[in-house]
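>
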Amino acid sequence: MTKQSILGRISQLMRANINALLDQAEDPQKMLDQLVRDYTNSIAEAEQAVAQTIGNLRLMEQDHREDLEAAADWGRKALAASTKADELRAAGDTINADKFDQLAKVAISKQMTSESEARAVEPTIASQTQVVDQLKRGLETMRQKLNELTAKRNELVARSKTAAAQQQVMDAVKSIDVLDPTSEIGRFEEKIRREEAKVVGAQELAASSLDAQFNSLEDLGKQSEVEARLAQLKSGGGSGAITAG
Numbered sequence: 008m009t010k011q012s013i014l015g016r017i018s019q020l021m022r023a024n025i026n027a028l029l030d031q032a033e034d035p036q037k038m039l040d041q042l043v044r045d046y047t048n049s050i051a052e053a054e055q056a057v058a059q060t061i062g063n064l065r066l067m068e069q070d071h072r073e074d075l076e077a078a079a080d081w082g083r084k085a086l087a088a089s090t091k092a093d094e095l096r097a098a099g100d101t102i103n104a105d106k107f108d109q110l111a112k113v114a115i116s117k118q119m120t121s122e123s124e125a126r127a128v129e130p131t132i133a134s135q136t137q138v139v140d141q142l143k144r145g146l147e148t149m150r151q152k153l154n155e156l157t158a159k160r161n162e163l164v165a166r167s168k169t170a171a172a173q174q175q176v177m178d179a180v181k182s183i184d185v186l187d188p189t190s191e192i193g194r195f196e197e198k199i200r201r202e203e204a205k206v207v208g209a210q211e212l213a214a215s216s217l218d219a220q221f222n223s224l225e226d227l228g229k230q231s232e233v234e235a236r237l238a239q240l241k242s243g244g245g246s247g248a249i250t251a252g
């Protein structure tokens with residue numbers, strides 16, 4: 008993964024508006040689950056790429072230090088060779104003095120090469136240091152976004168479960184509402200009322216039948232009295248008052 012693609016991915020995720028995404032989602036919980044997975048995967052990929060970028064920077068820094076150390080070492084060698092040449096020349100040994108001066112020149116040339124290489128890599132080190140700092144900040148922001156997403160997802164799941172539990176309780180309460188004529192208890196009460204009405208009807212019917220029986224007995228008593236009076240008339244042979252028997 009190149010530096011540009013790493014920065015692009017981090018910038019895209021940093022700009023992600025969670026609330027706007029949720030507003031557009033048909034199933035916010037599934038949307039959040041997918042976002043959490045995407046962020047987690049992106050963070051893992053970015054961490055590997057950033058680690059590689061940091062590793063490359065550390066290698067350049069190490070090479071830079073080695074070039075500086077080499078330049079300093081060649082400088083010490085040039086000084087030592089030059090000092091030796093001066094001592095030999097002072098002693099009259101110009102041939103060996105010239106040799107050591109030549110060695111000093113070689114050492115100085117090596118020193119200049121190392122210094123040049125160190126200077127050449129310094130802008131790249133500065134640029135890469137800036138990039139690494141940006142990547143680190145971006146990764147930290149991504150981790151914060153992931154924490155925000157996870158908290159949002161957990162909150163949504165908890166709210167969804169609470170709403171489902173509340174709906175379940177409301178449905179249960181509704182199913183046992185004694186005032187609701189469509190509930191089981193309401194139907195059972197209506198059945199009992201019909202049975203009670205049936206008993207009342209039977210009682211009224213039984214009462215009317217009993218009244219009819221008593222009326223029949225009264226009619227029978229009157230007929231018996233008529234027969235008795237008639238028999239009395241016949242036996243008495245007269246038309247006197249008839250006493251009730």
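In terms of the numbering used here, the sequence shown has 223 at position 216, counting the first letter as 1, and numbering is strictly consecutive.
All C-beta atoms in this analysis are idealised placements derived from N, C-alpha and C, irrespective of residue type, glycine included.
Under 8 Å, do A85 and A114 count as touching if we go by C-beta distance?
Their beta carbons are under 8 Å apart, which means A85 touches A114 by this criterion.
> Enumerate in chain order the residues of its own chain whose CB-to-CB distance from L64 is below 6 Å, with the five nearest sequence positions on each side excluded.
The residues are Q135 and V139.
> So with Cβ pairs under 8 Å, would you call D140 a contact of chain B?
Annotation note: the requested chain B is absent from the structure, which comprises a single protein chain.
> Using C-beta distances below 6 Å, list every residue in its chain close to E124, excluding the 5 sequence neighbours before and after it, in chain order.
Only D74 meet the Cβ criterion.
> Just the Cα atoms here: how many angstroms apart are T101 and I132?
Near 46 Å, if we compare the C-alpha coordinates of I132 and T101.
> Where does F107 land, buried or exposed, given buried means 16+ other C-beta within 10 angstroms?
It is buried - the Cβ of F107 has at least 16 other Cβ atoms within 10 Å.
> Is S215 buried or exposed, if buried means 16 or more other CB atoms sit within 10 Å of its CB?
By the neighbour-count rule (16 or more Cβ atoms within 10 Å), S215 is not buried but exposed.
> I need the straight-line Cα distance from A251 to E232, nearest angstrom please.
Residue confidence for A251 is low, a pLDDT of 46 falling below 50, so the modelled location carries little weight and cannot support an answer.
> On the premise that E52 lies in contact with L146, defined as a C-beta separation below 8 Å, what is that separation, rounded to the nearest angstrom?
Actually they do not touch by this definition, with Cβ atoms about 11 Å apart.
> Could you tell me the distance, in whole angstroms, from the CA atom of A88 to the CA atom of R150?
Those two C-alpha atoms are separated by around 58 Å.
> Secondary structure at G99, three-state DSSP: helix, strand or coil?
Reduced to three states, the DSSP call for G99 is coil.
> Measuring straight from C-alpha to C-alpha, what distance separates V43 and G82?
Going from the Cα of V43 to the Cα of G82 covers about 57 Å.
> Exposed or buried, which one is V176 when buried takes at least 16 other CB atoms within 10 Å?
With fewer than 16 Cβ atoms within 10 Å of its Cβ, V176 is classed as exposed.
> Tell me whether the beta-carbon of R160 lies closer than 8 Å to the beta-carbon of L39.
Closer than 8 Å, so yes.
> Does the separation of the CB atoms of Q36 and L156 fall below 8 Å?
No, these two residues do not count as a Cβ contact at 8 Å.
> Can you give the Cα-Cα distance for L172 and Q59, rounded to whole angstroms?
Note that residue 172 is Ala in the sequence shown, not Leu. Roughly 49 Å separates the two Cα atoms.
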